[in-house]
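Below is one structure, written out as C-alpha cells; the observations come after it.
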Amino acid sequence: MTTESKVNLLGLNREEMGAFFTTIGEKAFRATQVLKWLHQYGVDNFDAMTNLSKSLRDRLQEVAEIRVPEVIMDQKSDDGTRKWLFRLDDGNAIETVFIPDKERGTLCVSSQVGCALDCSFCSTAQQGFNRNLSSAEIVSQLWLANQLLGREPNGDRVVTNVVFMGMGEPLLNFDAVTSAMDIMMEDFAYALSKRRVTLSTSGVVPALNRLKERSDVALAVSLHAVRDDLRNELVPINRKYPIKELMEACRNYLDRDGRRRITWEYVMLAGVNDSDADAHQLAKLLKGIPSKVNLIPFNPFPNTHYKSSDRETILRFQNILINAGIITITRRTRGEDIDAACGQLAGKVEDRSKRRFRNIEVSHEQI
Ligand code: SAH
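Take 0 as the starting number for the sequence shown in numbering that gives the first Met the number 0 and just add one per residue.
Written out as C-alpha cells, the structure is:
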C-alpha cells in the first residue's frame, strides 16, 4: 500500500476515528485508546501503543500513518516567543508561533498555505494563496509544539490556548478546521476548553452561520474599520459581506448558550482608522454586543506603506472605548525580532498563482 492511501490518524476526531476502526473491522472503542496515545502521550509509531495487540498494530501499520510536517526552522525571540517553520509534504511551508505569558501558553496556528483574502495590511496576503491545510496538518502544529516545547508524555500542558490567527482564513477551510478544533477540545486528546480555542475570522458570513451550528469555540473577528468604504479597502471580503451583515451574524453567534462575548481585532493604522470619530463609531457599532476589543499596533513588513498609530493615539482610542463601557486592551507586540508578530507570518508558498481573492469564488463547498 502506498503512503498516499494511508489515513493520517492525527487528523481524525473521535467520531472519525471510531468510524475508521469500524471500517477496518475493529471495535470503535479503540478510537479513544489511539487518541490518547497520539495526543496525550505524543507517540509517533504504532509499536509504542502497548495496549493494542501486535496484530492490530501490524494492521494499522499497513493502512494508517502518523505523519507530521518537518521542522525546518525554530526561532526563539528575546521575549520567549517561538516561531517554527514547518515543511509540508508538497514543499509548501507554514508558520506556527508559541507565545508564553505567565500562566498561559498560546499557540497561534495556521489554517491555510498563504491566504486568499488579500487584506492590504497583512504580510501573509502578499504570499498569495496555495491551498487549504488538512486537519492532520492543523493538529500537527499542536502535536509538534508539544514535542518541541518538551512536554512530558501525559505531562502538564504547555500549550494552554490555541488561536487560529496564523496564516489563512479558517472559515474558508471549514471542515478541516472544525475537525481539528474537535481534536483540540477532545477529552481523550488535548482537552482544551472551548474558551481556550479561538477562531479568528475576517468575516465569512455564511461560514460563520454554519460555525454557530457546528462548534462553540471562542470567536475573534478582524474588524479593523467601522465604515464599509474603508473596510472594503482594508479587508476586501467586506465587499461581499459588509459590516451590517457581519454584525448580525456575530450577534447570532452569541445567541447560543455559553458564548460569552466576541473579541474584535482592530489593527491601528496611523491616519487610516485611528481617529476619535472612528473610536466613537466603533463604540456605537458594538453597543449591546458583549465584546472585548483588541487593539493591535500595526506590525510592519517589507514594502508596506502603512505605519502604526503612535502610543498616544492608541491610548486615546482605547480610552474612548473604555469610557463607553467596552473592555479594551492593546495587544502587546510579541516576537517582533523574529517576525512572529500578527500579520508577519509568511511561510513559504510554492504556487502563488491564485493570489487574489477577487479571482476566488467563495463557493458553498468551501464554506
Ligand atoms: N484570516 C483570519 C486569521 C488571521 S488572524 C483573520 O483575519 O482573522 C491574524 C490577525 O492579525 C488578524 O486580526 C489580522 O487582521 C491581524 N494582522 C494582519 N496583519 C497585521 C499587521 N501587519 N499588523 C498587525 N496585525 C495584523
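Virtual Cβ for every residue (Gly too), placed ideally from N, Cα, C.
Fair warning: this is a prediction, and the values are worked out from it, not measured in the lab.
Counted within 10 angstroms of its Cβ, other Cβ atoms place E311 as buried (16 or more) or exposed: The residue given as residue 311 occupies position 312 in the sequence shown. Classification of E311: exposed, given that the 10 Å Cβ count is below 16.
Select from W142, E335, P299 and G334 the residue whose C-alpha is nearest the C-alpha of S119. Walking along the sequence shown from the start, residue 119 turns up at place 120. For S119, the nearest C-alpha among the options comes from P299.
From S139 to N172, what does the alpha carbon distance come to, in whole angstroms? Locating residue 139 in the sequence shown gives position 140, where the first residue counts as 1. Locating residue 172 in the sequence shown gives position 173, where the first residue counts as 1. The alpha-carbon atoms of S139 and N172 are separated by roughly 16 Å.
Is K353 helix, strand or coil when you go by DSSP? Locating residue 353 in the sequence shown gives position 354, where the first residue counts as 1. Legend: pLDDT at K353 = 43, less than 50; position of this residue unreliable, value from coordinates given subsequently. Residue state, collapsed to three classes: coil.
Checking the sheet assignment: what are the DSSP bridge partners for V225? Residue 225 sits at position 226 when you count from the first residue of the sequence shown. According to DSSP, V225 bridges with nothing at all.
Using DSSP's beta-bridge definition, name the partner residues of C107. Reading the sequence shown from its first residue, position 108 is the one you call residue 107. For C107, which the question treats as bridged, DSSP gives the partners V96 and V162.
Distance, I182 Cα to H38 Cα: Here residue 38 is taken as the residue at index 39 of the sequence shown, counted from 1. Here residue 182 is taken as the residue at index 183 of the sequence shown, counted from 1. When rounded, the distance between both Cα atoms is 9 Å.
CB-CB under 7 Å to K5, same chain, minus the five flanking residues each way: which ones, in chain order? The residue given as residue 5 occupies position 6 in the sequence shown. Leaving aside the five residues that flank K5 on each side, the residues in its chain whose CB is nearer than 7 Å to its CB run, in chain order, V62, A63 and E64.
Spatial neighbours of N7 in its chain, beta-carbon cut-off 8 Å, leaving aside the 5 residues before and after: Position 8 of the sequence shown, counting from 1, holds the residue named residue 7. Taken in chain order, the residues that qualify are A63, E64, I65, R66, S133 and A135.
Determine the burial state of R29: buried for a count of at least 16 other Cβ atoms within 10 Å of its Cβ, exposed for fewer. Within the sequence shown, residue 29 is the residue found at index 30, counting from 1. The Cβ neighbour count for R29, taken over all protein chains shown within 10 Å, is at least 16; the residue is labelled buried.
Answer with buried or exposed for L314, where buried requires no fewer than 16 other C-beta atoms within 10 angstroms of its C-beta. Taking the sequence shown and counting its residues from 1, the one referred to as residue 314 is at position 315. Exposed.
According to the Cβ coordinates, are G334 and L84 closer than 8 Å? On the sequence shown, residue 334 is found 335 positions in, with the first residue counted as 1. On the sequence shown, residue 84 is found 85 positions in, with the first residue counted as 1. No, the pair does not count as a contact, with Cβ atoms beyond the cut-off.
Which of helix, strand or coil DSSP assigns to Q343: By 1-based counting over the sequence shown, the position of residue 343 is 344. Q343: coil per DSSP, three-state reduction.
How about S200: is its Cβ closer than 7 Å to a heavy atom in ligand 1? One-based indexing of the sequence shown puts residue 200 at position 201. A quick correction: the sequence has Thr, not Ser, at residue 200. T200 Cβ: within cutoff of ligand 1.
Can you list, in chain order, the residues of its chain whose CB lies under 8 Å from that of E360, leaving out five sequence neighbours each side? Walking along the sequence shown from the start, residue 360 turns up at place 361. Note that E360 scores 35 on pLDDT, short of 50, meaning its location in the model is unreliable and no value can be drawn from it.
Using CA coordinates, which residue listed in P301, E244, S308 and I325 is at the minimum distance from K283? One-based indexing of the sequence shown puts residue 283 at position 284. K283 has its Cα closest to that of I325, out of P301, E244, S308 and I325.
Burial state of E185, where buried means 16 or more other Cβ atoms lie within 10 Å: Against the sequence shown, residue 185 aligns to sequence position 186. Its Cβ being crowded by 16 or more others within 10 Å, E185 is buried.
Helix, strand or coil at T312 [DSSP, three-state]: One-based indexing of the sequence shown puts residue 312 at position 313. In the three-state DSSP reduction, T312 falls in the helix class (H, G or I).
Of the choices M16, L207, L34 and K35, whose alpha-carbon is the least far from that of A27? Start at 1 with the first residue of the sequence shown, and residue 27 comes out as number 28. It is M16 whose Cα lies nearest to the Cα of A27.
Can you list, in chain order, the residues of its chain with a C-beta nearer than 7 Å to that of C249? Leave out the 5 residues immediately preceding and following it. Counting from one through the sequence shown, the residue named residue 249 turns up at place 250. So the list reads V220, I261 and I288, once near-sequence residues are dropped.
Any chance the CB of S221 is under 7 Å from a heavy atom of ligand 1? To locate residue 221, count along the sequence shown from 1; it is residue 222. A distance criterion of 7 Å places the beta-carbon of S221 in contact range of ligand 1, judged by its closest non-hydrogen atom.
By Cβ distance, which residues of its chain are closer than 7 Å to N12, with the 5 residues on each side in sequence left out? To locate residue 12, count along the sequence shown from 1; it is residue 13. Taken in chain order, the residues that qualify are S178, D181, I182 and E185.
Have a look at R130 and C114 and give me their C-alpha separation to the nearest angstrom. Start at 1 with the first residue of the sequence shown, and residue 130 comes out as number 131. Start at 1 with the first residue of the sequence shown, and residue 114 comes out as number 115. In a straight line, the C-alpha of R130 is about 8 Å away from that of C114.
Alpha carbon of R330 to alpha carbon of L294, nearest angstrom: Residue mapping note: residue 330 aligns to position 331 of the sequence shown, counting from 1. Residue mapping note: residue 294 aligns to position 295 of the sequence shown, counting from 1. The alpha-carbon atoms of R330 and L294 are separated by roughly 6 Å.
Report yes or no: do the region 199-215 and the region 82-99 share at least 3 C-beta pairs separated by less than 8 Å? no
To the nearest angstrom, report how far apart V108 and L285 are at their CA atoms. Within the sequence shown, residue 108 is the residue found at index 109, counting from 1. Within the sequence shown, residue 285 is the residue found at index 286, counting from 1. Taking the CA atoms as reference points, V108 sits about 27 Å from L285.
State yes or no: is the C-beta of Q111 within less than 8 Å of the C-beta of E168? Walking along the sequence shown from the start, residue 111 turns up at place 112. Walking along the sequence shown from the start, residue 168 turns up at place 169. Yes. Within cutoff.
Using a Cβ-based criterion (distance less than 7 Å to any ligand heavy atom), does P266 qualify as near ligand 1? Indexing the sequence shown from 1 puts residue 266 at position 267. Correcting the residue type first, residue 266 is Val in the shown sequence and not Pro. Yes, the Cβ of V266 comes within 7 Å of a heavy atom of ligand 1.
Report yes if the CB atom of V196 is closer than 8 Å to the CB atom of V216, and no otherwise. For the purposes of this step, residue 196 is identified with residue 197 of the sequence shown, where counting begins at 1. For the purposes of this step, residue 216 is identified with residue 217 of the sequence shown, where counting begins at 1. Cβ atoms of V196 and V216: closer than 8 Å.
Beta-bridge partners of E168, as assigned by DSSP: For the purposes of this step, residue 168 is identified with residue 169 of the sequence shown, where counting begins at 1. In the DSSP output, where bridge partners are listed per residue, E168 has none listed.
Identify which residue in H279, M267 and I71 has its Cα closest to the Cα of L320. Here residue 320 is taken as the residue at index 321 of the sequence shown, counted from 1. Nearest of H279, M267 and I71 to L320, Cα basis: H279.
Is F128 near ligand 1, in the sense that its beta carbon is under 7 Å from a heavy atom of that ligand? Stepping through the sequence shown from its first residue, residue 128 is reached at position 129. Result no, Cβ not under 7 Å from ligand 1.
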